[in-house]
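Trainee:
In our numbering, the protein residues as written are 8 to 87.
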């Protein structure tokens with residue numbers, strides 16, 4: 008028989024919609040960033056994705072400038 012233990016997590020997790028609002032992006036763009044591996048996410052179920060506060064901060068620290076630069080440049084300029 009399985010024993011279940013309650014894990015007391017102090018880490019905050021955000022939905023894709025919450026992240027989109029915080030970063031002023033569309034949810035589609037947040038899903039793209041998750042798909043590209045730029046934002047680390049946890050899939051809780053088939054339709055439930057969450058991003059930890061720590062992973063969001065890491066993304067902002069590591070890639071905010073790269074995100075802004077690539078988001079507004081035309082594709083022909085990104086590859087240069």
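Think of the CB as a built atom: it goes at the ideal place given N, C-alpha and C, for glycine as much as any other residue. Given the structure is predicted, the values throughout are model-derived calculations rather than measurements.
Thinking just about the alpha-carbon of each residue, which of 47, 23, 48 is nearest to the one in residue 36?
Mentor: 23
Trainee: Rounded to whole angstroms, what's the CA-CA distance from residue 87 to residue 17? Just pull it up for me.
Mentor: Unreliable positioning characterises residue 87 in this predicted model, as indicated by a pLDDT of 49, which lies under 50. A coordinate reading is not provided.
Trainee: Is the Cβ-Cβ distance between residue 49 and residue 21 less than 8 Å?
Mentor: no
Trainee: Going by the beta-carbon positions, is the gap between residue 56 and residue 41 smaller than 8 Å?
Mentor: yes
Trainee: Do residue 67 and residue 26 have their CB atoms nearer than 8 Å?
Mentor: no
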